[in-house]
Ligand SMILES: [Zn+2]
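In the working numbering, the protein residues as written are -16 to 680.
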């Protein structure tokens, strides 16, 4: 046996190092399967007995605890392969070498490399030289068997799991609020507080109908929500924390809370990097769904209703607007705005003002998640316009520059290609010349040689013609592509862009497409002004600052001069009179219309101007009742006396109500025997509301 070994081992092998690859696929194996580890290290002795000095046996054990199913993250295996490839290894040792690599491709690659670099392979069964066909065949078979074994194992395991799941007996991790009792039956968590938290969540959702409202309710009531740690040293422990939007959605979507056993709601896929990606399946594709198998917090019908509600919302709002295609709305930067405060994507909200759509850019993701006020809301009209102007402005100089650079770049690339192609032609010509020379120099009597040389020359000449033709064709094609189309397209952009942009016929969607071609994203911050950092495709940036546009109220605000005028006039005039005088002077209200008495009243209230009534009272004027009391007559008499000018009065409102000047001496008295009209002492108070009342004072 040892003879057989020593035949394969040469001095060349012994000159190089021996590599012992030790691997245990899972952490558990590392701890429990010490026997196997011991056997793996015992191989080192074998290497020594075959002639390698002990210090030249290099152990690679960095992959302990890593599954061999994917070669992506296994540093040790990569190292082994590279060492073998570099010819540093004389022999590779492993317990069952075929398990060095658990997938066939890795294994066969390693065999190839070993064969090329003349490296031996040793396992407990024997010594192999991969450059020998028989050994390689055997090793290949071992690898295939090993992979098949893994496959069978996995299939058996999976089959078992699936069968158990089909019967609803599979024990899978439960969400918080549910747990297994000693008989392995699913029950509600006996912790009352946990139960209460879940009940509150479901009831609030039932009542309010939105996950946001649930988060808000929990926050307002300072309620916490439980969570069970799934891994780490404190696995299984209950932790209380604030309830987030995501968690509410997870809870509402989890059918186990409705007492249903489910299996296979998600599908795992390996992506190119060897990582798993999880895909959520629709309900009709779940592997197992057994409603009413254990107690829950809601009924299966309620769960279905909630799901239906979510589907309806999803249709109304769309899944995620981040990557949404440009919509019909006018918000130019839809999907491109980033919040300058928290870094989240901002969304668009439209509102209608005077029949047209106004845009607001909102940062609300964090607000939704934790039911807090939104981060910032920025009126979009000004920003959109500024960005449009910026693009139009930049397009001309920039595009020309870009066009020129592109032109140069293309030209130089073409020149390079041209040179290469030209070299090919030159080479063909050189070979043809050579063939010609050879033919010329041969003795024409040597027919055999001459014939073959002539054929060769002909071939070379044909190749030359072909190369020349190809060259001509390609030059022609390049000229066409570059000169006609590309140049025209590049240059037309510079001239067409501003025209296209400003054309009212251009739909918003097209404008948005243009923006997306040019701009990567725009970061917005609102402080005393709005700052917009624009990042263009290709990395250049530009910063814009804009004033914050006036709010609707500020736009309608009445001018200060008008307010001062109203204040002045209130001393002598009613609201209606003031309105009429302001209109006569050609002044206009905040909305641009004529003044009316309600508008004047509103200005008076909004700017806290003292009313005409209060001003008259402050000046010592009395009400009809008070005058009636002092004169000991009825209020009716007072009014009659006022109409007939026996008392001096001032109208203070549109209903022709008055306040009276106190009566000092010369008191009118009843039944004097003279007609009232003959006793007039003051001008009559005119009942006309809008006409001005002038009192001689
Ligand atoms: Zn934000």
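Note that CB positions come from ideal geometry on N, CA and C, so glycine has one too.
Paired residues, beta bridge with residue i - DSSP
{"i": "residue 516", "result": "506, 526"}
{"i": "residue 261", "result": "251"}
{"i": "residue 359", "result": "346"}
{"i": "residue 408", "result": "Bridge partners of residue 408: none, in fact."}
{"i": "residue 328", "result": "321"}
{"i": "residue 163", "result": "169"}
{"i": "residue 40", "result": "1"}
{"i": "residue 605", "result": "643"}
{"i": "residue 74", "result": "1, 103"}
{"i": "residue 69", "result": "Note: residue 69 sits in no beta bridge, so no partner."}
{"i": "residue 181", "result": "Its beta-bridge partners do not exist; DSSP assigns none."}
Test item: CB-CB of residue i and residue j under 7 Å
{"i": "residue 261", "j": "residue 249", "result": "yes"}
{"i": "residue 185", "j": "residue 226", "result": "no"}
{"i": "residue 341", "j": "residue 314", "result": "no"}
{"i": "residue 123", "j": "residue 276", "result": "no"}
{"i": "residue 605", "j": "residue 645", "result": "yes"}
{"i": "residue 562", "j": "residue 578", "result": "yes"}
{"i": "residue 144", "j": "residue 105", "result": "no"}
{"i": "residue 241", "j": "residue 208", "result": "no"}
{"i": "residue 62", "j": "residue 43", "result": "yes"}
{"i": "residue 328", "j": "residue 345", "result": "no"}
{"i": "residue 682", "j": "residue 362", "result": "Within the shown structure, residues of the chain are numbered from -16 to 680, placing residue 682 beyond reach of any answer."}
{"i": "residue 541", "j": "residue 586", "result": "yes"}
{"i": "residue 588", "j": "residue 554", "result": "no"}
{"i": "residue 505", "j": "residue 319", "result": "yes"}
Distance cut-off 6 Å: residue i Cβ against heavy atoms of ligand 1
{"i": "residue 327", "result": "yes"}
{"i": "residue 366", "result": "no"}
{"i": "residue 322", "result": "yes"}
{"i": "residue 641", "result": "no"}
{"i": "residue 346", "result": "yes"}
{"i": "residue 358", "result": "yes"}
For residue i, three-class secondary structure by DSSP
{"i": "residue 94", "result": "helix"}
{"i": "residue 53", "result": "Confidence at residue 53 is low in this model, with a pLDDT of 47, below 50, so the placement of that residue should be treated as unreliable; the coordinate-derived value is given next. Three-state result, residue 53: coil."}
{"i": "residue 335", "result": "strand"}
{"i": "residue 280", "result": "coil"}
{"i": "residue 679", "result": "A caution first: residue 679 carries a pLDDT of 37, below 50, which makes its placement in the model too unreliable to give a value."}
{"i": "residue 209", "result": "strand"}
{"i": "residue 112", "result": "coil"}
{"i": "residue 224", "result": "strand"}
{"i": "residue 305", "result": "Note that residue 305 scores a pLDDT of 43, beneath 50, so its modelled location is shaky; the value from the coordinates is reported in the next line. Coil."}
{"i": "residue 632", "result": "strand"}
{"i": "residue 174", "result": "coil"}
{"i": "residue 599", "result": "helix"}
{"i": "residue 426", "result": "coil"}
{"i": "residue 33", "result": "coil"}
{"i": "residue 157", "result": "coil"}
{"i": "residue 340", "result": "strand"}
{"i": "residue 674", "result": "Here the model assigns residue 674 a pLDDT of 43, short of 50, so the residue's position is not dependable, and the following value carries that caveat. Here residue 674 sits in coil by DSSP."}
{"i": "residue 291", "result": "helix"}
{"i": "residue 531", "result": "coil"}
{"i": "residue 615", "result": "coil"}
{"i": "residue 187", "result": "helix"}
Segment limits, beta strand (DSSP E) that includes residue i
{"i": "residue 0", "result": "0 to 4"}
{"i": "residue 272", "result": "271 to 273"}
{"i": "residue 641", "result": "641 to 643"}
Boundaries of the alpha helix (DSSP H) in which residue i is found, first to last residue
{"i": "residue 583", "result": "580 to 589"}
{"i": "residue 546", "result": "543 to 552"}
{"i": "residue 131", "result": "116 to 149"}
{"i": "residue 201", "result": "194 to 203"}
{"i": "residue -8", "result": "Per DSSP, residue -8 belongs to no alpha helix (DSSP H) and is neither H nor E."}
{"i": "residue 244", "result": "Note, residue 244: premise wrong, no alpha helix (DSSP H); beta strand (DSSP E) at 244 to 246."}
{"i": "residue 354", "result": "No alpha helix (DSSP H) contains residue 354, which DSSP labels as neither H nor E."}
{"i": "residue 498", "result": "491 to 501"}
{"i": "residue 558", "result": "558 to 567"}
{"i": "residue 621", "result": "618 to 626"}
Proximity test, Cβ basis, 7 Å: residue i and chain D
{"i": "residue 639", "result": "Of the protein chains in the structure, only one exists, and it is not chain D."}
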